Amino acid sequence: MNIHAIRAIYVFEMSRTFRTLLQSIASPVISTSLYFIVFGSAIGNHMPTVGGVNYGAFIVPGLVMLAILTESISNASFGIYMPKFIGTIYEVLSAPVSVVEIVIGYVGAAASKSILLGFIILITAWPFSHYSIEHPFWMLAFLVLTSVTFSLFGFLIGIWADGWEKLQIVPTLIITPLTFLGGSFYSIKMLPDFWQGVSYINPVLYLVSGFRWAFYGASASDVDFVQSLGMTLVFMLLCLAAIAVIFRTGWRIKV
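So this is what it looks like as structure tokens:
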């Protein structure tokens, strides 16, 4: 394992984040804070509790997960696509660096950014809604697993994309709608039976529900904790398998 290569990719990607703090950190934090103000403070004060939890506190895990999913995909896909776009990917491909080391470097940096962003959003949410965390270990585990999983998914998108349109189409048309419809702002128990059944098809529901379980326990969760954890691990393994198949079959990064 070439630790120096992994460290070089990781440090480069992280340094790019700190050079663009307004775009990488400030923008998603401000956007999420507006959700807390509008939904948590303004609307939440006029809504009953959900699963025994104040509505403003109830949406905190959902909004954190919304930011984590979108930013993980965006960071990882942009991280590998930008070198392709400007031509510096040749330096990586010609270096004595394996596929595993490339994936660890780029995905590790993207996941680290998302984890950092998640903690910043949690700190930002506290003045708007005094939430609690019943299972801090599992909260951290879900945060890390989700960040790594969707960073892997974003890495796949960055490899596949050969234009800026393709880079944005999956997060914009698929992931964001699924996140909004995955119980970020509501419990699916509030829906009619038919739409509850439809919601169980949405994989994001299991991520949001599992993360919310770590905060407030089973009363505020729509899906069993074990199912949520299992779905997260399955999706991560599928992403890893897809990356392995891509490179083992001789397919290479298109430049």
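Per numbering that gives the first Met the number 0, the sequence shown runs over residues 0 to 254. All residues carry an ideal CB built from backbone N, CA and C; glycine is no exception. Nothing here was measured: the structure is a model prediction, and the numbers come from that model.
**Message:** Do L92 and I114 have their beta-carbon atoms positioned less than 8 angstroms apart in this structure?
**Reply:** No, Cβ-Cβ distance for I114 and L92 is not below 8 angstroms.
**Asked** G229: buried (16+ other C-beta within 10 angstroms of its C-beta) or exposed?
**Response** exposed
**Request:** Evaluate F127 with the Cβ neighbour count: other Cβ atoms within 10 Å of its Cβ, from every protein chain shown; 16 or more gives buried, anything less gives exposed.
**Result:** buried
**Asked** What residue range is occupied by the uninterrupted alpha helix (DSSP H) comprising I5?
**Response** 2-18
**Request:** Whole angstroms is fine: what's the gap from D161's alpha carbon to T178's?
**Result:** 25 angstroms
**Message:** Judging by CA-CA distance, which residue of I132, P176, G196, I156 is the nearest neighbour of I242?
**Reply:** Comparing Cα positions, the closest option is I156.
**Prompt:** Between which two residues does the alpha helix (DSSP H) carrying D280 extend?
**Reply:** Beyond the ends of the chain as shown, which are 0 and 254, falls residue 280; an answer cannot be given.
**Request:** Check the DSSP bridge columns for V52 and list the partner residues they point to.
**Result:** V49
**Message:** So, for P60: in the same chain, excluding its five sequence neighbours on each side, which residues have a beta-carbon less than 6 angstroms away from its beta-carbon?
**Reply:** F210, R211, F214
**Request:** Apply the 10 Å Cβ neighbour rule to M64 and answer buried if 16 or more other Cβ atoms are within range, or exposed otherwise.
**Result:** Around the C-beta of M64, 16 or more other C-beta atoms lie within 10 Å, and the residue is accordingly described as buried.
**Message:** Please state whether the Cβ-Cβ distance between T69 and T231 is less than 8 angstroms.
**Reply:** no
**Prompt:** How should G86 be labelled, buried or exposed, when 16 other C-beta atoms within 10 angstroms of its C-beta is the threshold for buried?
**Reply:** exposed
**Item:** Cα-Cα separation, A110 to W194
**Value:** 33 angstroms
**Prompt:** So is G269 buried or exposed if we call it buried at 16+ other beta carbons inside 10 Å?
**Reply:** Shown here, the chain extends from 0 to 254; a query on residue 269 therefore has no answer.
**Request:** With a 10 Å radius around its C-beta and 16 neighbouring C-beta atoms as the bar for buried, classify F77 as buried or exposed.
**Result:** When all chains shown are included, F77 counts as buried.
**Asked** By how many angstroms is the C-alpha of G51 removed from the C-alpha of F149?
**Response** 30 angstroms
**Request:** Note down, in chain order, each residue of its chain lying with its Cβ closer than 6 angstroms to the Cβ of M235, except the 5 sequence neighbours on either side.
**Result:** T148
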